Every structure is written in C-alpha cells, then in structure tokens.
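Undergrad: Just so you know, the protein sequences line up as chains A and B, in that order.
For the working numbering, count along the first sequence from 1 and bump the result up by 1335.
For the working numbering, count along the second sequence from 1 and bump the result up by 3.
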Amino acid sequence: AQRVTQPEKLLSVFKGAPVELKCNYSYSGSPELFWYVQYSRQRLQLLLRHISRESIKGFTADLNKGETSFHLKKPFAQEEDSAMYYCAPSKTGGTSYGKLTFGQGTILTVHP
Amino acid sequence: EPEVTQTPSHQVTQMGQEVILRCVPISNHLYFYWYRQILGQKVEFLVSFYNNEISEKSEIFDDQFSVERPDGSNFTLKIRSTKLEDSAMYFCASSRDLNYEQYFGPGTRLTVT
Chain A
1336 AQRVTQPEKL
1346 LSVFKGAPVE
1356 LKCNYSYSGS
1366 PELFWYVQYS
1376 RQRLQLLLRH
1386 ISRESIKGFT
1396 ADLNKGETSF
1406 HLKKPFAQEE
1416 DSAMYYCAPS
1426 KTGGTSYGKL
1436 TFGQGTILTV
1446 HP
Chain B
4 EPEVTQTPSH
14 QVTQMGQEVI
24 LRCVPISNHL
34 YFYWYRQILG
44 QKVEFLVSFY
54 NNEISEKSEI
64 FDDQFSVERP
74 DGSNFTLKIR
84 STKLEDSAMY
94 FCASSRDLNY
104 EQYFGPGTRL
114 TVT
C-alpha cells in the first residue's frame, strides 16, 4: 500500500533558523515526489518537485531512496514561510495516472 | 495567470440529496482530478479523468459518485445521495501532462446536515 508519513504535525522555528520538514514514503516502484504548500487563505500550490531539482523560495528537497525519504529543507526560515506543507508522491504507469498521495501535512510557523 | 475555478465555494445540503460540484480546469490541461479533505484529516484522492473517461478511482469513489466533463470546459463531481460523512472540502485539480504540476482550485466546502 502507498503510504506517506510526515511525522511532525506542527513545527515552530524562529526567523533565520534552519528548518527541515520530514517526509517518509512507502511506495512500490519509483514515484515522482512533490512538495505542495498551502499558505493561509490560499489554494494548494506546488512548491517543488524532485525531478526538476530546483530550489524554490530557498527550499530544497533531497531524495534518499535507501531511506525512502524526501525531506524539505531551508537554511534560513522567513516569516512568510509559515504555511501547511504536504509531501505528495505520485506514481504513473500501469493503472496510475498522476494520482497524488498526500501526507498528513506539517504546519510550519516561523516566529519573528 | 490561468487558474482552476470551483463553484460554489460552500454548499449546504441535506442528507440524501444530490449535489453537483463544479470545476473549470485550466484550458489546455488534459488531466483532471478530484480530491477531498475531511476536517482535520489528510487530502485524499478521489478520481482522475483523462480522455473523457475515468482513469483511476479510489475506494472512496463508490457508485454514489460520478464525474463528467459535459462541455469541454466544466468538470463536475456529482454525489447522488449525500451522507453525513461526505462533509468535506472538495478540491479539483488539473495538469497538462502526467507528473507535471497539478493546479488546484480553491475548493468547495460541502456540509451535509
């Protein structure tokens, strides 16, 4: 069964501190991996996807296939990073058509 | 920038009634999705739709649910006979290709009383 675990429901840091949001997944095959973010009163939007290997808003995510993890990191958190973050693998091929499997989400609060 | 739109933003209905949730995906997108989020729980996949047919559905998506793309523009989710446990936020999403970014609508909050 496909499973995504984000162990921290809440994460609080101070502005300028490093932040790491954890994600572990259990998936057959090689899923494509995404982080989605939802800022207050806004819609879900893509933050970054593994395949593009970009750094978006200072965030990066490293895939560790051995540990099946895809943790999201930022070296210096900003107040505007406060949001709900979702790890969401997606599998295609066979009978899968891009379905995203969301984790429980982590609410990140960055204090001034 | 084009956006996915959903109507209504909030729908209140009585148990046993039919509801239709509407979505207008981004115009050049080919893949369409419905997800839902019960209050306090994770976002769950319901169904994906491609080439005018359902391509994948979850266990939640039983015979009470159906989807349609009636006019090449709208993408609808119908619940035939609503139950209390259908109360949730329903999100529509679209993407231009597989494993590309899915663009989400703002959601429709469905309340079944």
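Virtual Cβ for every residue (Gly too), placed ideally from N, Cα, C.
Small disclaimer: the values here were computed from a predicted structure and weren't measured.
How would you label residue 89 of chain B, buried or exposed, when you count the other beta carbons within 10 angstroms and need 16 or more for buried?
TA: The residue in question, residue 89 of chain B, is buried, as its Cβ has 16 or more Cβ neighbours within 10 Å.
Undergrad: Please report the straight-line C-alpha distance between residue 1349 of chain A and residue 1407 of chain A, rounded to a whole angstrom.
TA: Going by the C-alpha atoms only, they are around 17 Å apart.
Undergrad: Run through DSSP, which three-state label would residue 97 of chain B get?
TA: Strand.
Undergrad: Quick check: is the beta carbon of residue 54 of chain B nearer than 8 Å to any beta carbon in chain A?
TA: No, no contact with chain A.
Undergrad: Residue 1393 of chain A: buried (16+ other C-beta within 10 angstroms of its C-beta) or exposed?
TA: Residue 1393 of chain A comes out exposed.
Undergrad: Over what stretch of residues does the beta strand (DSSP E) that includes residue 26 of chain B continue unbroken?
TA: 22 to 27 is the extent of the beta strand (DSSP E) around residue 26 of chain B.
Undergrad: Let me know if residue 41 of chain B comes out buried or exposed under the rule of 16 or more other beta-carbons within 10 Å of its beta-carbon.
TA: Classification of residue 41 of chain B: exposed, given that the 10 Å Cβ count is below 16.
Undergrad: Using only the alpha-carbon positions, how far apart do residue 74 of chain B and residue 1445 of chain A sit?
TA: About 45 Å.
Undergrad: Whose CA, out of A:1355, A:1336, A:1345, lies closest to the CA of residue 1404 of chain A?
TA: Considering only alpha carbons, the answer is A:1355.
Undergrad: Name, please, each residue of chain A whose Cβ falls closer than 8 Å to the Cβ of residue 105 of chain B.
TA: Within 8 Å Cβ-Cβ: 1381, 1433, 1435.
Undergrad: Is the CB-CB distance between residue 96 of chain B and residue 107 of chain B below 8 Å?
TA: Cβ atoms of residue 96 of chain B and residue 107 of chain B: closer than 8 Å.
Undergrad: Quick one: is residue 47 of chain B buried, meaning 16 or more other Cβ sit within 10 Å of its Cβ, or exposed?
TA: Residue 47 of chain B should be labelled buried.
Undergrad: Does residue 1352 of chain A pass the burial test, meaning 16 or more other C-beta atoms within 10 Å, or should it be called exposed?
TA: It is exposed - the Cβ of residue 1352 of chain A has fewer than 16 other Cβ atoms within 10 Å.
Undergrad: Which residue marks the beginning of the beta strand (DSSP E) containing residue 9 of chain B, and which one marks its end?
TA: Run containing residue 9 of chain B: 8 to 10, per the beta strand (DSSP E) assignment.
Undergrad: Can you look up residue 32 of chain B in the DSSP assignment and give me helix, strand or coil?
TA: Three-state result, residue 32 of chain B: coil.
Undergrad: Assess, as a yes-or-no matter, whether the stretch 1360 to 1378 of chain A is touched by the stretch 1412 to 1422 of chain A under the definition of 3 or more beta carbon pairs within less than 8 Å.
TA: Counting Cβ pairs under 8 Å, three or more are found: they touch.
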